[in-house]
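Colleague: Sharing a structure, written as structure tokens. Questions coming.
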Amino acid sequence: MAETKKPKLYFGGGLLNKINQKKSISQTEIKIEKIQKPEIIPKKGLIIKKEESKDDFKEMHEHKPFGHIKPHIKGNIKIKHNPGKSKIQRESTGIPGLDDTIEGGLKKDSVILVGGCAGSGKSIFALQFIINGISKFNEPGVYVTFEENKQEVYEDMLRFGWNLAELEKQGKFAFIRYTPEQVGKVLKTGGGIIRDIVDKIKAKRIVIDSISAFTLLHENELAKREACLDLFKILRRWKCTTLVVGQYYAAEERHESTAVEFEVDGIIWLYNIKKENIRVRAIEVFKMRGTKHSAKIFPFEITDEGIVVYPEETVF
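Everything in the sequence shown is counted per this note's numbering, starting at 338 for the first residue and increasing by one.
What follows is the structure in structure tokens.
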């Protein structure tokens, strides 16, 4: 019996095809003694990396030091966005390490929930979003709060080098302190004073801190959802990208979703995870409409210049 030639396998458009044989060969005609890797013939310009050895695999997964959070992060996960794949207009957050995990930034004119427990860094995250818009993209911002004291916020943010008082004098930033009840009246008037200030400084970024205080005005989930829907419609009408800050826990910890979560375009969770005798800050992009985002949870730090996300690292 003549020796049967083993078929070569070729790579073409994502398919493996046997194209070197004139006639088809049945399975009974091919004697396979051991599993062999097919010969891969790449298309022009395609680079095939060499096979990783056990040593390469070990080195790739070795623990890599990373500042003072060294014992709590591992791995080397690289996330890169490809802006050419999406025609959606985006607003860069300007937060180091975050935009690469959400295709370059947030959808323009979207409403994003930034949620987490007390002390997780929500207000810093939100103000950094506004500061970056002003300093890096010449986009004025408005900060609407129901709880924070203006003087205290201005003093606290100086530690990051953010001079909110000076930006306010320049007409690039506005601080508005409202009660949740006053925001309820805003809904009836279509924006009121907030809309006037947004128009005056030509704001492109807005922060509502906190939306959870606003929802407490309503007795049941349906009323909360309708109120949020009305508020978000107004915010989108102003053509601003908005962060709504909320003191919420992730849905897995609550076993339910809130009215706010249904109506927003995206959800970013901030965590302050405890392991043994130390806590590590972490961030998760849980939901982001129209965006191919990472499903991983990444560590972040609050530095002297604000929040820095480490998308190439893994918590614990």
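Built from N, CA and C at the ideal position, the CB exists for glycine as well.
This structure is a prediction, so every number in the text was calculated from the model and none was measured.
Could you compute how far the alpha carbon of Ala540 sits from the alpha carbon of Gly478?
Modeller: Answer to the nearest angstrom: the Cα atoms are 5 Å apart.
Colleague: Distance check for Leu553 and Asn609, CA to CA, integer angstroms please.
Modeller: Rounded to whole angstroms, Asn609 to Leu553 spans 24 Å at the Cα level.
Colleague: Go through the segment 486–565 residue by residue and report every complete run of the beta strand (DSSP E) that reaches 3 residues or more, in order.
Modeller: Fully enclosed beta strand (DSSP E) runs of 3 or longer: 510–514, 542–546.
Colleague: Relative to the C-alpha of Gly603, which residue among Lys629, Thr482, Lys506, Ser457 is closest?
Modeller: The candidate whose alpha carbon is nearest that of Gly603 is Lys629.
Colleague: Which value, in whole angstroms, describes the spacing of the CA atoms of Gln507 and Asp533?
Modeller: In a straight line, the C-alpha of Gln507 is about 17 Å away from that of Asp533.
Colleague: What residue range is occupied by the uninterrupted alpha helix (DSSP H) comprising Glu654?
Modeller: Past the edges of the chain, shown from 338 to 653, lies residue 654, and the structure says nothing about it.
Colleague: Per DSSP, which one or two residues make a beta bridge with Leu435?
Modeller: DSSP output for Leu435 lists no bridge partner at all.
Colleague: If I measure Cβ to Cβ from Thr579 and keep anything under 6 Å in the same chain, skipping five residues before and after, which residues do I get?
Modeller: Closer than 6 Å at Cβ, skipping near neighbours: Val448, Ile543, Leu572.
Colleague: Can you tell me whether DSSP reads Asn469 as helix, strand or coil?
Modeller: It is helical.
Colleague: Under 8 Å, with one C-beta from each stretch per pair, do the segment 467–476 and the segment 620–628 reach the 3-pair mark?
Modeller: Counting Cβ pairs under 8 Å, fewer than three are found: no touch.
Colleague: Starting from Glu598, trace the alpha helix (DSSP H) in both directions and tell me its first and last residue.
Modeller: Residues 596–600.
Colleague: Jot down the residue ranges of each uninterrupted beta strand (DSSP E) in the segment 440–467, minimum 3 residues, whole runs only, in chain order.
Modeller: Correct list: 448–453.
Colleague: Under three-state DSSP, which class holds Arg626?
Modeller: Three-state result, Arg626: coil.
Colleague: Could you say which of Leu524, Gly643, Lys537, Arg616 lies nearest to Phe466 if we only look at CA atoms?
Modeller: It is Gly643.
Colleague: Ignore the nearest five residues each way along the sequence and tell me which others in Lys633's own chain have a CB closer than 6 Å to its CB.
Modeller: Cβ neighbours of Lys633 beyond the five flanking positions: none.
Colleague: Assuming the contact rule is C-beta atoms closer than 8 Å, Tyr658 and Gly452 should be a hit. Round their C-beta distance to whole Å, please.
Modeller: What is shown of the chain runs 338 to 653, which leaves residue 658 out entirely.
Colleague: Skipping 5 residues on each side, what residues in its chain have a beta carbon closer than 8 Å to that of Arg618?
Modeller: Cβ neighbours of Arg618 beyond the five flanking positions: Ser457, Gly458, Leu607, Tyr608, Asn609, Ile610, Pro636, Phe637, Glu638, Ile639.
Colleague: Can you name the start and end residues of the beta strand (DSSP E) that Tyr608 belongs to?
Modeller: Start and end: 603–612.
Colleague: Going by the DSSP bridge assignment, what does Glu621 pair with across the sheet?
Modeller: Note: Glu621 sits in a beta bridge opposite Trp606, Ile634.
Colleague: Looking at the secondary structure, which residues open and close the beta strand (DSSP E) in which Tyr480 lies?
Modeller: First-last of the beta strand (DSSP E) with Tyr480: 478–482.
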